[in-house]
């Protein structure tokens, strides 16, 4: 009986010390790392031609500022626009649409990957997001084919809006090699992505 009482007291002491610690621990949350950008690099030819037609959109300068924290309502807008734009246009290559390679344009009926990204960027800017946080990005797919996506820069890391999926993923959760993206400080300049080949796991297949 005495041994049993001692064991019960020890159990109570252990519970009283363990419960507050576990209760104080925050709930786990995914952490999305940000891309590490490098020096100014060449502008994709498709974007260069786009800038000749939309010059006012390609000379917007921004001061260096921390990435913003997106509210729950903001994330709803991001996901809604990603899904809506993906559903609105019929995927086709530039060759099929325009009879030429690498023609970047706002879509009407058909869209190549960069056209989807341009439209999402335009609609998110209209919804209040900043130019410096919505960056056209060039990647390489696992089969070696070039591809374009839209990067959303946030305080929680960089996220990708892609016409190949309706989900919005942290950039490192994609199967892509990230090559370069628009600079945050100037919509007409592009910078390299230094850690774009360090991705270990791809969430998309």
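Residue numbers (our numbering): 150 to 354.
The beta-carbon is built from N, C-alpha and C at its ideal position, and this holds for glycine as well.
Values in this document were obtained by computation on a predicted structure and should not be read as measured data.
- In the three-state reduction of the DSSP assignment, residue 329 falls in the strand class.
- Between residue 307 and residue 183, the C-beta gap is smaller than 8 Å, which places the two residues in contact.
- In this structure, residue 328 sits away from residue 298, with a CB-CB distance that is not shorter than 8 Å.
- Judged by DSSP in its simplified three-state form, residue 271 adopts helix.
- If you draw a straight line from the Cα of residue 227 to the Cα of residue 314, it is about 13 Å long.
- Taking all protein chains shown into account, residue 244 has fewer than 16 neighbouring C-beta atoms within 10 Å of its C-beta and is therefore exposed.
- Taking the Cα positions, residue 285 is about 8 Å away from residue 263.
- Within 10 angstroms of the beta-carbon of residue 331 lie 16 or more other beta-carbons, which makes it buried.
- Of the other Cβ atoms in all chains shown, 16 or more fall within 10 Å of the Cβ of residue 254; this residue is therefore buried.
- Shown here, residue 281 sits in a helix according to DSSP, grouped into three states.
- Beta-carbon to beta-carbon, residue 280 and residue 336 are separated by about 6 Å, close enough to satisfy the 8 Å threshold.
- DSSP places residue 276 in the coil class of the three-state scheme, outside both helix and strand.
- Cα atoms of residue 215 and residue 185: separation of roughly 14 Å, rounded to the nearest angstrom.
- With 16 or more other Cβ atoms from the protein chains shown falling within 10 Å of its own Cβ, residue 195 counts as buried.
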